[in-house]
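Single-structure report; data block below.
Number of protein chains: 2
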Amino acid sequence: MDALKARLFEANAIGMAIAVLDWDQQCNMPHGGGAARAEHVGVLSKLAHESVVSDETQRALEAAEREVDPNTVDGACVRLTRRGLDMETKLPGDFVAEKARASAQAHETWVKARTADDFEAFRPTMEKMVEIARQEAEYLGYKDHIYDALTDKYEEGATKKFWDGMFDQIRQPLTDLVAEIGKKPAPNDAFLTGNWDEAKQREFSLKLMEAIGFDMERGRLDVAAHPFCTNFSVGDVRLTTRFQEFLPTSIFGTLHEAGHGMYEQGSPMEWDRLPVAGGVSLGFHESQSRTWENIVGRSKAFWKFFYPQLQQTLTQFQSISMDDFYRSVNKVEPSLIRVEADELTYNLHILIRFELECEMLEGTLAVKDLPAAWNEKYEKYLGITPPNDKDGCMQDVHWSAALMGYFPTYSMGNILSYQIWSELEKSVGDTNALMEKGEFKPILDWLIDNMYQHGQRFQPQVLLQKLCGGGLDAQPYLNGMTKKYSEIYGL
Amino acid sequence: MDALKARLFEANAIGMAIAVLDWDQQCNMPHGGGAARAEHVGVLSKLAHESVVSDETQRALEAAEREVDPNTVDGACVRLTRRGLDMETKLPGDFVAEKARASAQAHETWVKARTADDFEAFRPTMEKMVEIARQEAEYLGYKDHIYDALTDKYEEGATKKFWDGMFDQIRQPLTDLVAEIGKKPAPNDAFLTGNWDEAKQREFSLKLMEAIGFDMERGRLDVAAHPFCTNFSVGDVRLTTRFQEFLPTSIFGTLHEAGHGMYEQGSPMEWDRLPVAGGVSLGFHESQSRTWENIVGRSKAFWKFFYPQLQQTLTQFQSISMDDFYRSVNKVEPSLIRVEADELTYNLHILIRFELECEMLEGTLAVKDLPAAWNEKYEKYLGITPPNDKDGCMQDVHWSAALMGYFPTYSMGNILSYQIWSELEKSVGDTNALMEKGEFKPILDWLIDNMYQHGQRFQPQVLLQKLCGGGLDAQPYLNGMTKKYSEIYGL
Numbered sequence: 037m038d039a040l041k042a043r044l045f046e047a048n049a050i051g052m053a054i055a056v057l058d059w060d061q062q063c064n065m066p067h068g069g070g071a072a073r074a075e076h077v078g079v080l081s082k083l084a085h086e087s088v089v090s091d092e093t094q095r096a097l098e099a100a101e102r103e104v105d106p107n108t109v110d111g112a113c114v115r116l117t118r119r120g121l122d123m124e125t126k127l128p129g130d131f132v133a134e135k136a137r138a139s140a141q142a143h144e145t146w147v148k149a150r151t152a153d154d155f156e157a158f159r160p161t162m163e164k165m166v167e168i169a170r171q172e173a174e175y176l177g178y179k180d181h182i183y184d185a186l187t188d189k190y191e192e193g194a195t196k197k198f199w200d201g202m203f204d205q206i207r208q209p210l211t212d213l214v215a216e217i218g219k220k221p222a223p224n225d226a227f228l229t230g231n232w233d234e235a236k237q238r239e240f241s242l243k244l245m246e247a248i249g250f251d252m253e254r255g256r257l258d259v260a261a262h263p264f265c266t267n268f269s270v271g272d273v274r275l276t277t278r279f280q281e282f283l284p285t286s287i288f289g290t291l292h293e294a295g296h297g298m299y300e301q302g303s304p305m306e307w308d309r310l311p312v313a314g315g316v317s318l319g320f321h322e323s324q325s326r327t328w329e330n331i332v333g334r335s336k337a338f339w340k341f342f343y344p345q346l347q348q349t350l351t352q353f354q355s356i357s358m359d360d361f362y363r364s365v366n367k368v369e370p371s372l373i374r375v376e377a378d379e380l381t382y383n384l385h386i387l388i389r390f391e392l393e394c395e396m397l398e399g400t401l402a403v404k405d406l407p408a409a410w411n412e413k414y415e416k417y418l419g420i421t422p423p424n425d426k427d428g429c430m431q432d433v434h435w436s437a438a439l440m441g442y443f444p445t446y447s448m449g450n451i452l453s454y455q456i457w458s459e460l461e462k463s464v465g466d467t468n469a470l471m472e473k474g475e476f477k478p479i480l481d482w483l484i485d486n487m488y489q490h491g492q493r494f495q496p497q498v499l500l501q502k503l504c505g506g507g508l509d510a511q512p513y514l515n516g517m518t519k520k521y522s523e524i525y526g527l
Numbered sequence: 037m038d039a040l041k042a043r044l045f046e047a048n049a050i051g052m053a054i055a056v057l058d059w060d061q062q063c064n065m066p067h068g069g070g071a072a073r074a075e076h077v078g079v080l081s082k083l084a085h086e087s088v089v090s091d092e093t094q095r096a097l098e099a100a101e102r103e104v105d106p107n108t109v110d111g112a113c114v115r116l117t118r119r120g121l122d123m124e125t126k127l128p129g130d131f132v133a134e135k136a137r138a139s140a141q142a143h144e145t146w147v148k149a150r151t152a153d154d155f156e157a158f159r160p161t162m163e164k165m166v167e168i169a170r171q172e173a174e175y176l177g178y179k180d181h182i183y184d185a186l187t188d189k190y191e192e193g194a195t196k197k198f199w200d201g202m203f204d205q206i207r208q209p210l211t212d213l214v215a216e217i218g219k220k221p222a223p224n225d226a227f228l229t230g231n232w233d234e235a236k237q238r239e240f241s242l243k244l245m246e247a248i249g250f251d252m253e254r255g256r257l258d259v260a261a262h263p264f265c266t267n268f269s270v271g272d273v274r275l276t277t278r279f280q281e282f283l284p285t286s287i288f289g290t291l292h293e294a295g296h297g298m299y300e301q302g303s304p305m306e307w308d309r310l311p312v313a314g315g316v317s318l319g320f321h322e323s324q325s326r327t328w329e330n331i332v333g334r335s336k337a338f339w340k341f342f343y344p345q346l347q348q349t350l351t352q353f354q355s356i357s358m359d360d361f362y363r364s365v366n367k368v369e370p371s372l373i374r375v376e377a378d379e380l381t382y383n384l385h386i387l388i389r390f391e392l393e394c395e396m397l398e399g400t401l402a403v404k405d406l407p408a409a410w411n412e413k414y415e416k417y418l419g420i421t422p423p424n425d426k427d428g429c430m431q432d433v434h435w436s437a438a439l440m441g442y443f444p445t446y447s448m449g450n451i452l453s454y455q456i457w458s459e460l461e462k463s464v465g466d467t468n469a470l471m472e473k474g475e476f477k478p479i480l481d482w483l484i485d486n487m488y489q490h491g492q493r494f495q496p497q498v499l500l501q502k503l504c505g506g507g508l509d510a511q512p513y514l515n516g517m518t519k520k521y522s523e524i525y526g527l
C-alpha cells in the first residue's frame, strides 16, 4: 500500500499542478501567456497519464488489491485507483490524441458557427463528435445501452435506465407546474439589474460564504469569466464568481460554488492527496452546490436574516421590501438558455438534452435533424420555440467536446439536494428557524458528518443508501417545488 | 536537436509548473494549502531532476553536441543544457537531499535565533551550513579558490579573483564618498512616510511600469510579502510589490522588478521554453533592475515628468517641491540593514558579506568569531556598530540556506548598470532630455537590441564584451555616484 501511495502522490502532484495552471489561466494569466501555457499543460497531462498507467503503478495496485481489505479507507483508494486506471487504459493513446485534436478544432468551429447562427457549418463537426462519443463508448464497454459507458464516467453506476427512471418521475409534474405558473402574473425583478459597485458585491458575496461556513483559511474567492470551483488540496479550495449588472449572478453563483467548495473542504485532512478525498460524483457534487444556492440561498428564512445586510451594503434596496426581493429571486420563466434558467425549468432543459443525446448515440436521430428535434422539445416541455439555432441546439459547449452522458448529473443534483435535505431536517429540526437567525453551523455539521467526511470512500449508490436509506427519489424535490411555488404564485 | 528539444520542453513544463506553484503560494495561497503545496513541489522537483538527468536527455544532448554548430542559437541551447546537466549530476542525490533537509531545518533555527537575538543558538547550524557549502564546492570542483565553484552557479565565469578585482575598484572611493556625505546635513524625507491609499499606490505603480515599457499584455503586477519577479514564459512575466507606509517601497520596488521583467520580456518569442531565453546571469539581471530603479527611477529628469502626476494621485505631495522630493528619494545614510540601504551604501553591505563568506569558506574566520568580525567591518566601512546580532550578522536569510557566492552579483548589478548606461548614452544621446518628456522607448529599444534580445545566447563575459567592448569597469558607476551626490549634497 505504501508503494501504491507513493505512486498516487506523484499522480496527485502532477494533476494538482495542472489544476493550478488552469485556475491561474482563468483567473490571472495575461493574454501573452496562452501559447506556452497550452504547451505546459500538454506536457504535464502526458506525464500524468504516464504516471497513472506506468508498470510501477500497475504492479503496486495489483499487490494492494491482493493485500488490502476493500472495506477500509485504503481499500477505497485501491478501488478508485483501479477505476481510474481502467478508464485510462481502455482508451488507446491514438484515440485520446485524436479526440483531443478533434475537440480543439470542434471548439473553434462551434464558436464561429454559433456566432454566425449557422448550424450547417457546425453539422459535419457535430457528426464527427457523435462518432467519437460512440467510439469512446465502445472502447469503454457497456452491457445494456451505449449511453451507460459514457455516463458512468461522471456518475459511477448510473445508466440510461437509471436516468430514464429519474426523468420519468419529474417529466410530467414539472411540465404541469411550469404551465400552471405561466398562467399567473410574474413577479417584478427589474430592480435586480443595476450598476452595482463591484467592491460591494464582492464584500457581500464574501460575507455570505463565510456565514454559511466556507473556511477562508482553506480557500479563496476570485473573479473569472465562468464561475467554477477547483481545489488543489483539502486545505486549498478556490471559488470564482463574476460581478455583473444582474445581481443574482454573483450572489447565487457564489453560494453555488461555495456549496461545491464546502463539500471538498469536508474531506478528512488525512485523506489529502489520495483519491478517496473529495466529492464522490458529479450528481452528488451538484446536490451540494444546489443545496446552498437554492434550498438555503433562495429561502425566505435566509433572506429574513441577510436582507437587512444587503440593504445596508447596496442601499438601492432600501425601497424594496424583503418579500418582493424574495419573490424576484424565485421568478419562474420558461426561457431559451439553460445557464440562465430558474430552479424549476432548469431540469426541463436537461431532460431535453438527455433525450436528444440518447437518440443521437442510438442513431435514431440524425445530426441534420437536431435543430428541428430541439425546437420541437422546447415547444413541448417549455412552451417556447427557439427563434434560431444559436440560442437553440448550439448554445452549449458540451457536445462540441464530445461530452455526452454528463447533462443528467445536473438534474440529479437538483433532485438529490431535496432528498438529502429532507433527511437532514429529520435530525436538525426546523431549518427555517435556524436560517432566520443566521445559524448555518448545525446544517453544515450534519452534512459533514453524514456526507462530506466520507469523501469518495463509498460508491455513490452506497452513500445514498447510507444517507437516505434507499435509492434516488424525486418526491422530496417535487414536494419542495410545489410548496415553494404554490406560495409564491398563489396556485 | 529535435530529440533534445522535446526533452527540454518537458523539463521546462515541469520547471514552469513549479514556478507557477511558487508564485501562487506567495501571492494567493490560503494558509491551509501550505502542507500539500510543499509535497506537490517536492514531487515535481524530483520529476524535474529526473527529466534533466535521464538517459534520454543525456543521449540526445551528446548527439546534439556532435552535430550542432556551437555558434548558433541551437548551439547555445546545447551549451546551456550541458552546463545545467553537469551541475545536476556533479552533486550526489544524497547530498542534495541532505542539503534540502538541513536548509529547511536551518531556516527554522535561524528565524527563532534571530527573533531571540541569540547567535549562540544559531552557531552550530551556521557551522553546518558553511560545511555544506564547502562540500558542495568540492563536488562542483574548482581550480583556484573554493569560492569559484560556488559563485559560478550564479554568475557564469566569475571567480573570487574576479570579485576581488571588482571590489578593489570601489572599496576606497565608496567609503570616502559615504564619509564625505556624512559630514553634510541629510535631506528631509519624513514626508515619504504616510498612510497612503493602497489603490492609489497601485494605480501609480502601474502607471510607471507601463510608461517605461513593461508590456501588460505579457505580464501583471500582484502583491506579495517579498517583492520578486518570476516568469512562466516570455509572454507571461509576473511582478510583485508591496504597499507600505514608506512610499518608495512600492515605487522603486515596482521599477526594480519591472526592470527584471522587461529583460525577460525582451527575449525573442521563438526562443520560448528553451534554455536560451531569459536573463543571462544574476549580475546582468540585477543590472537591469537597478537601471530602471536607480538610473532611470531616481533621476531628476524622471521626476520632472512624473512628479506632477504623483502630486495628482497622492495630493499630500502638493505642498512638497519636486526638488525636495528628488533629494529625499536619494538620501544616503549608513544603516544596519542591507535591504533598506540606499543606492550608494548598498555595495558596502555586499562587500562586507563577500569578505566574510570568503574567510569562512577558507577557514580563516571561525563561525564563532563571525559576530565580532561583522561588527568590525560595519565600523570600518560604514562607520556604525550594530547594537545586536539580530540586525547584524543574522539579518540575511542567505547563509542559513548555505547560499554563498551569491551576494557579489548584487554589486555587479549596480556597477554594470552604469557601465551599460554609458554605452547606451553614446547611441541614444541625451537620456535626460528623453526622460523629462516621458520618452522611454528609445532607451528600452536600445537595451532590447543590444542586450535583452540576446537572452542567454552568449556567455556573460562575451555579452559584456559585445555590449561595452571590454570587461567589467566600475568607473562609470563611480563617476555616476560622484556626480549625483556632489550635486545633491553640495560636495
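Quick mapping for you: the protein sequence lines, in order, are chains U and L.
Residue 37 is where the first sequence starts when you use the working numbering, and the numbers rise one by one after that.
Residue 37 is where the second sequence starts when you use the working numbering, and the numbers rise one by one after that.
Glycine included, C-beta positions come from ideal geometry on N, C-alpha and C.
All figures in this text were calculated on a predicted structure; none of them were measured in a lab.
With a threshold of 16 other CB atoms inside 10 Å of the CB of residue i, please say whether the residue is buried or exposed.
{"i": "residue 610/L", "result": "The structure shown does not extend to residue 610/L, since chain L is modelled only from 37 through 527, so no value can be given for it."}
{"i": "residue 297/L", "result": "buried"}
{"i": "residue 496/U", "result": "buried"}
{"i": "residue 76/U", "result": "buried"}
{"i": "residue 498/L", "result": "exposed"}
{"i": "residue 226/L", "result": "exposed"}
{"i": "residue 130/U", "result": "exposed"}
{"i": "residue 462/U", "result": "exposed"}
Are the CB atoms of residue j and residue i within a distance shorter than 7 angstroms?
{"i": "residue 323/L", "j": "residue 313/L", "result": "no"}
{"i": "residue 234/L", "j": "residue 265/L", "result": "no"}
{"i": "residue 46/U", "j": "residue 90/U", "result": "no"}
{"i": "residue 79/L", "j": "residue 268/L", "result": "no"}
{"i": "residue 363/L", "j": "residue 478/L", "result": "no"}
{"i": "residue 394/L", "j": "residue 183/L", "result": "yes"}
{"i": "residue 61/L", "j": "residue 73/L", "result": "yes"}
{"i": "residue 326/U", "j": "residue 450/U", "result": "yes"}
Under 7 angstroms Cβ to Cβ from residue i, same chain only, skipping five residues before and after it: list those, please.
{"i": "residue 92/L", "result": "43"}
{"i": "residue 53/U", "result": "80"}
{"i": "residue 409/L", "result": "392 and 401"}
{"i": "residue 209/L", "result": "514"}
{"i": "residue 336/U", "result": "362"}
Can you give the beta carbon distance from residue i to residue j, rounded, assuming they're within the 8 angstroms contact cut?
{"i": "residue 380/U", "j": "residue 527/U", "result": "Not really, about 12 angstroms apart at Cβ, beyond 8 angstroms."}
{"i": "residue 232/L", "j": "residue 390/L", "result": "No, residue 232/L and residue 390/L are not in contact; Cβ-Cβ is about 36 angstroms, not under 8 angstroms."}
{"i": "residue 508/U", "j": "residue 448/U", "result": "7 angstroms"}
{"i": "residue 321/L", "j": "residue 299/L", "result": "6 angstroms"}
{"i": "residue 159/L", "j": "residue 403/L", "result": "6 angstroms"}
{"i": "residue 140/U", "j": "residue 271/L", "result": "About 20 angstroms; that fails the 8 angstroms criterion."}
{"i": "residue 330/U", "j": "residue 241/U", "result": "With 8 angstroms as the limit, residue 330/U and residue 241/U do not qualify as a contact, their Cβ atoms being about 17 angstroms apart."}
CB-CB under 8 angstroms to residue i, same chain, minus the five flanking residues each way: which ones, in chain order?
{"i": "residue 521/U", "result": "213, 217, 366, 368, 380 and 527"}
{"i": "residue 176/U", "result": "123, 126, 127, 185, 186, 188 and 189"}
Using a Cβ-Cβ cut-off of 6 angstroms (strictly less than) and excluding sequence neighbours within five positions of residue i, which residues of its own chain qualify?
{"i": "residue 420/U", "result": "370 and 414"}
| Just by C-beta distance, which residues in the region 82-99 of chain U are closer than 8 angstroms to chain L? | 83
| request: Check each residue of the region 238-257 of chain L: if its Cβ is closer than 8 angstroms to any Cβ of chain U, include it; give the result in chain order. | output: 251, 252, 253, 254, 255 and 256
| If you measure beta-carbon to beta-carbon, which residues of the region 56-68 of chain U are closer than 7 angstroms to chain L? | 56, 57, 60, 64, 65, 66, 67 and 68
| query | Listed in chain order, which residues of the region 298-314 of chain U have Cβ atoms closer than 8 angstroms to some Cβ of chain L? | reply | 308 and 309
| query | Mind listing which residues of the region 267-299 of chain U have their C-beta closer than 7 angstroms to chain L's C-betas, in chain order? | reply | 268, 269, 271 and 272
| field | Members of the region 464-486 of chain L that neighbour chain U once the beta carbon cut-off is set at 7 angstroms | value | none
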